[in-house]
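Enquirer:
Protein chains in written order, with the working numbering: chain A, 1 to 112; chain B, 1001 to 1118.
1) Per DSSP, which one or two residues make a beta bridge with residue 1006 of chain B?
2) Please indicate yes or no: does the CB of residue 1060 of chain B lie closer than 8 Å to some heavy atom of the ligand FMN?
3) Within the 9 Å Cβ cut-off, does residue 100 of chain A reach chain B?
4) DSSP three-state call for residue 1089 of chain B: helix, strand or coil?
5) Leaving out five residues on either side along the sequence, give the residues of the same chain with a beta carbon under 6 Å from the beta carbon of residue 1092 of chain B.
6) What's the C-alpha gap between residue 1100 of chain B and residue 1052 of chain B?
7) Please state if the CB of residue 1103 of chain B and the CB of residue 55 of chain A are separated by a distance shorter than 9 Å.
8) Tell whether a beta-carbon distance below 9 Å holds between residue 94 of chain A and residue 27 of chain A.
9) In chain order, what residues of the same chain have a beta carbon less than 7 Å from the beta carbon of residue 70 of chain A, not counting five sequence neighbours either side?
10) In its own chain, which residues sit with a C-beta less than 6 Å from the C-beta of residue 34 of chain A, not counting the 5 before and 5 after it?
11) Could you tell me whether any Cβ in chain B is nearer than 9 Å to the Cβ of residue 55 of chain A?
12) Excluding five sequence neighbours on each side, which residues of the same chain lie with their C-beta closer than 7 Å to the C-beta of residue 1106 of chain B?
13) When burial is assigned at 16 or more other CB atoms within 10 Å of the CB, is residue 1006 of chain B buried or exposed?
14) For residue 83 of chain A, which three-state DSSP category applies?
15) How is residue 1075 of chain B classed by DSSP in three states: helix, strand or coil?
16) For residue 62 of chain A, which three-state DSSP category applies?
17) Could you name the residues of chain B that residue 105 of chain A contacts, counting a contact when the two beta carbons are closer than 7 Å?
18) Taking Cβ-Cβ distances shorter than 7 Å, what residues in chain A pair up with residue 1001 of chain B?
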């Protein structure tokens, strides 16, 4: 299973908004709404912040939002805060070769 | 709330078998899919596979020939075995709970570093 494509890094200043893209194919992102996003701080386990493209788990800030268009999903973080500096990974259900999930390569967010 | 904890050797020799266990506390292992995910140093996440509480398994095709995941409901644990390891299998290994209704990993263990080296 090929990894989903994410930019290696993005950056923004406190208070600004940033968007991270996640590009797949019509065997994963394009055909299913099972796209999730995870936030990972250094040395920590990933944390689920978005599921089913645009839904937030209880307790996750509404500054995090998700969307999808065609084969590309996006994560937007508004009102950037220093604590948002972390790695972000997308994940999608896939039917390529087998039924499972595939992750993106990850994006490092730097808050300037 | 449900918590997961990985355990197992931190060092494995090349060509040997990597074995890890994930202990589930604060909830039953019944229902849900129970997964293993790994992350090589400085790299991204890779899904290894899952086991359903019924015992049904599904593995990443790239690892399928070497991996097996099993379940021990009496101990509320599930385990990973990865055979014939090489340096490329050096990674932090996470166990995670997958909510099949949303196909997302909502609970994670803290992760355990496994190094393959002689």
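Just so you know, even glycine gets a beta-carbon here, dropped at the ideal spot from N, CA and C.
Expert: In short, the structure shows the following:
1) The residue you call residue 1006 of chain B lines up with position 6 of the second chain. Answer is B:1022, bridged to residue 1006 of chain B.
2) No copy of the ligand FMN occurs in the structure displayed, which carries no ligand at all.
3) Working through the first chain from its first residue, we reach residue 100 of chain A at position 100. With 9 Å as the cut-off, residue 100 of chain A counts as an interface residue toward chain B.
4) In the second chain, residue 1089 of chain B corresponds to position 89, counting from 1. If DSSP states are grouped into helix, strand and coil, residue 1089 of chain B belongs with the helices.
5) Reading the second chain from its first residue, position 92 is the one you call residue 1092 of chain B. The answer, listed in chain order, is 1039, 1111 and 1113.
6) Residue numbering aside, residue 1100 of chain B sits at position 100 when the second chain is read from its first letter. Residue numbering aside, residue 1052 of chain B sits at position 52 when the second chain is read from its first letter. Cα to Cα, residue 1100 of chain B sits roughly 10 Å from residue 1052 of chain B.
7) Numbered from 1 along the first chain, position 55 holds the residue referred to as residue 55 of chain A. Numbered from 1 along the second chain, position 103 holds the residue referred to as residue 1103 of chain B. Not a contact, by the Cβ cut-off of 9 Å.
8) Taking the first chain and counting its residues from 1, one reaches residue 94 of chain A at position 94. Taking the first chain and counting its residues from 1, one reaches residue 27 of chain A at position 27. Against a cut-off of 9 Å, the Cβ pair of residue 27 of chain A and residue 94 of chain A comes out as a contact.
9) In the first chain, residue 70 of chain A corresponds to position 70, counting from 1. Once the five neighbours on either side are set aside, the close Cβ partners of residue 70 of chain A are 30.
10) Counting from one through the first chain, the residue named residue 34 of chain A turns up at place 34. So the list reads 93, once near-sequence residues are dropped.
11) Here residue 55 of chain A is taken as the residue at index 55 of the first chain, counted from 1. Cβ-Cβ to chain B under 9 Å: yes for residue 55 of chain A.
12) If you number the second chain from 1, residue 1106 of chain B lands on position 106. Closer than 7 Å at the Cβ level, and outside the excluded window around residue 1106 of chain B, lie 1097 and 1099.
13) Along the second chain, one-based indexing puts residue 1006 of chain B at 6. With 16 or more other Cβ atoms within 10 Å, it is buried.
14) Within the first chain, the letter at position 83 stands for residue 83 of chain A. If DSSP states are grouped into helix, strand and coil, residue 83 of chain A belongs with the helices.
15) For the purposes of this step, residue 1075 of chain B is identified with residue 75 of the second chain, where counting begins at 1. Note: residue 1075 of chain B maps to coil in three-state DSSP.
16) If you number the first chain from 1, residue 62 of chain A lands on position 62. DSSP places residue 62 of chain A in coil when its eight states are reduced to three.
17) Residue numbering aside, residue 105 of chain A sits at position 105 when the first chain is read from its first letter. By Cβ distance, chain B contributes 1044.
18) Position 1 of the second chain, counting from 1, holds the residue named residue 1001 of chain B. Within chain A, no residue comes near residue 1001 of chain B; the closest Cβ sits about 11 Å away, beyond 7 Å.
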